[in-house]
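This report concerns only the one structure given below.
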Amino acid sequence: MSWLKLLRASHTVALSSLVAFGTQIAFALLMLRLFTPQEVGEFSVLSQVGFFWMTLALAQAPLGLLANVHTPADQALRLAWRSSVRRGLLLLPFAALALWLSHLSLWPALLWVLLLAFFQMGNLLSQSYSLRAGSAWQQAAVRVLPPLTAALFALTTAWLTHMGTSQDMPPASANLQDLPVLVIAAILGYAVGAAWLVPAICQTSAQPRNGAEKSVAKAQVHLAAASSQASDAPSPQQSDNRSATLRMAHTLADALLATALVVVWQRLYGAQETGWMTALLRVLGFVPAVVHMAWAQVVLAQGPHEKQDIEAHASAPSKNFLSTTRQRHHKAAVWLGLSAFSAVVVLGGVCALALNWQWLDTRWDGVWAYIVPLVLWQGCACISAAFSHRPFQTHAAARYSWTCMGLALLQAVVLLAPLGFAQPMDAAQHMLTFALVSSLGLFGLTTWMARLR
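The structure is reproduced here in structure tokens:
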């Protein structure tokens, strides 16, 4: 695959991710417009606990599905799905504990969290699988349809509720208002994305029917392995060389930090402050997620084709060609990270204008205190995401995990410190301190990844 073809693949994912990003922005604005801060705060807690559960169950399986290109896509997907479901069942008590710590009723909150985690797990695996084995339209659809489904359901339900109230239809209106609309909308969206996995998971690989076929298949495997070793000796493939324990520890650190941010905010400052913080974080956090999906994942998914490029340019020094390719990747990552940072700044400005022009209800004025810290934090996350593929291309994945866990530990100390203070800390000061520490840590991580060779 040529450099231009890689860009076309990245552009397909980028365009679909941008459409999905715009849809999710509309969904987030819909939450601000039609739902109270308390409702958004409770939804944020449930979705974050579900995310925590799902992230631990996956143990970075989508990343491994992209990095370990030597394993057939269908086989890798089935293994990832089965192991993730088993881990998810084992982690059920921890999800219940997180709900208890957040002071939410265990039932039916645990049911909603279970559904959120299950379908979100399938949705993320389907996105990675489509990059390896799907067509361009499949890669686009699996990213666009889930948020579109969620937004349409939430909008339709809000419209029905408004119509029921305006036309004096209390029974229907009351039934709709009692439902956790945001949670159900998210579940439906994730379910649409997870549905793409059903054919691949249910498919059974063909087995040799007799001894002769088994012998031929075994000989073909040995021949392919010998050929691969001979051709790959000068240029080792990208891979995720971390142990299962290290991957799980890295996943646990990320999931604990993300969940602790919401749970601690809920405990220290209440549902309203949590709603202000999480609503803005949901809007700005889409940008680094798009960078990771549209660039880092695509580069990893197309890793084997870089070797084909080197072989196709055998007339030229392969080392020079590889160096040129890496320089192009580096420059593209720099410009992409800076452009994404600019997009975060623009989104923060749009939120400020919406508040200044009173487009939002006055109950959302508390968002002002979170705009600058979250813009800085998520902007640095964009630059870091643009280089997040480099450790897996340079066999530095283990060092990458240890570095990320060290940063997560530092962030956790800053997040949890006010719990031991005699006097409660102001929420705005707390977030500013947390964002500054996070931004400096991400900047250092990005500098290290950019220097990997």
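Read the sequence shown against this note's numbering and you will find it ends at 457, with the numbers running on by one and no gaps. Ideal placement from N, C-alpha and C gives every residue a C-beta, glycine not left out.
Is it buried or exposed, residue i, if we count other Cβ atoms within 10 angstroms and call 16 or more buried?
i, result
"Glu217", "Confidence at Glu217 is low in this model, with a pLDDT of 44, below 50, so the placement of that residue should be treated as unreliable; the coordinate-derived value is given next. By the 10 Å Cβ count, Glu217 comes out exposed."
"Thr27", "buried"
"Val295", "buried"
"Phe425", "exposed"
"His74", "exposed"
"Ser247", "exposed"
"Leu8", "At Leu8 the pLDDT is 45, less than 50, meaning the model places this residue with poor confidence and gives no usable figure here."
"Asp369", "exposed"
"Gln143", "buried"
"Leu357", "exposed"
"Trp116", "buried"
"Ser109", "exposed"
"Ser88", "buried"
"Gly353", "exposed"
"Met58", "buried"
"Met167", "exposed"
"Ser442", "buried"
"Pro150", "buried"
"Pro422", "buried"
"Leu94", "exposed"
"Val371", "buried"
"Thr249", "exposed"
"Asp258", "buried"
"Glu310", "For Glu310, the predicted structure reports a pLDDT of 49, less than 50, and the residue's modelled location is therefore unreliable. The matter cannot be settled from this model."
"Ser405", "buried"
"Gln312", "Reliability of the predicted coordinates at Gln312 is poor, the pLDDT of 48 falling under 50, and the value obtained from them is presented with this limitation in mind. By the 10 Å Cβ count, Gln312 comes out exposed."
Among the options, which residue has its Cα nearest to the Cα of residue i?
i, options, result
"Leu260", "Ser20, Phe56, Ala24 and Pro41", "Phe56"
"Gly92", "Leu413, Ala63, Leu444 and Val348", "Ala63"
"Arg251", "Cys206, Gly353, Met409 and Ala275", "Met409"
"Ser343", "Ser388, Leu81 and Leu357", "Ser388"
"Ala416", "Leu186, Pro97, Leu256 and Ala264", "Ala264"
"His461", "Cys386, Trp368 and Glu277", "Given that the chain is displayed from residue 5 to residue 457, the structure contains no residue 461 and the question cannot be resolved."
"Ala336", "Phe391, Val349 and Trp368", "Phe391"
"Trp85", "Ala100, Trp200, Thr153 and Ala140", "Trp200"
"His393", "Leu118, Ser51, Trp452 and Gln52", "Trp452"
"Gly279", "Leu164, Ile188 and Ser51", "Ser51"
"Val187", "Leu444, Asp365 and Glu43", "Glu43"
"His334", "Pro395, Ala137 and Ser346", "Pro395"
"Pro76", "Glu46, Leu108 and Ser134", "Ser134"
"Leu468", "Thr407, Thr153, His399 and Gln124", "Here the chain has residues from 5 to 457 only, and residue 468 is not among them."
"Ala80", "Leu96, Gly138 and Ala65", "Ala65"
"Val376", "Asp258, Trp111 and Val348", "Val348"
"Ala253", "Leu60, Ser48 and Val53", "Leu60"
"Thr2", "Ala257, Leu38 and Ala154", "Because the chain is modelled from 5 through 457, residue 2 falls outside the range shown and cannot be assessed."
"Pro184", "Leu83, Phe122, Glu46 and Ser346", "Glu46"
"Thr40", "Trp163, Asp365 and Gly193", "Asp365"
"Val418", "Leu436, Trp104, Leu120 and Arg90", "Leu436"
"Arg136", "Thr398, Asn72 and Leu414", "Asn72"
"Asn414", "Leu440, Ala402 and Gln397", "Just to set this straight, residue 414 is Leu in the shown sequence, not Asn. Out of Leu440, Ala402 and Gln397, Leu440 has the C-alpha closest to the C-alpha of Leu414."
"Val49", "Ala99, Gly68 and Leu69", "Ala99"
"Leu103", "Val53, Gly126 and Thr398", "Val53"
"Gln427", "Arg286, Leu272 and Trp339", "Leu272"
"Asn245", "Arg332, Leu70, Asp430 and Ala400", "Ala400"
"Gly341", "Ala454, Ile191 and Val287", "Ala454"
Identify the continuous alpha helix (DSSP H) that holds residue i and give its terminal residues.
i, result
"Asp258", "Ala248 to Leu288"
"Leu78", "Residue identity differs from the one stated: residue 78 is Asp in this sequence, not Leu. Element bounds for Asp78: Ala77 to Leu94."
"Trp381", "Trp372 to Ala390"
"Trp361", "Counting along the chain, Trp361 falls outside any alpha helix (DSSP H), and DSSP gives it neither H nor E."
"Phe122", "Leu110 to Ala137"
"Gln439", "It is Ala, not Gln, that sits at residue 439 in the sequence shown. Taken as a continuous stretch (DSSP letters only), the alpha helix (DSSP H) holding Ala439 covers Ala431 to Ala454."
"Gln397", "Arg394 to Gln397"
"Leu423", "Counting along the chain, Leu423 falls outside any alpha helix (DSSP H), and DSSP gives it neither H nor E."
"Thr59", "Pro41 to Leu62"
"Ala189", "Val185 to Ala198"
"Ala71", "Ala65 to Ala71"
"Val204", "Checking the sequence, you will find Ala at residue 204 rather than Val. Start and end: Val202 to Cys206."
* To do: Please determine if the region 193 to 204 and the region 117 to 130 are in contact, where contact requires at least 3 C-beta pairs separated by less than 8 Å.
  => Taking a cut-off of 8 Å on C-beta distances, the region 193 to 204 touches the region 117 to 130, as three or more cross pairs fall below it.
Q.
Tell me whether the region 27 to 42 and the region 151 to 167 touch, counting them as touching only if at least three CB pairs, one residue from each stretch, are closer than 8 Å.
A. yes
**Prompt:** Taking one C-beta from the region 272 to 292 and one from the region 377 to 385 each time, how about it: are there three or more such pairs within less than 8 Å?
**Reply:** Yes, the region 272 to 292 is in contact with the region 377 to 385.
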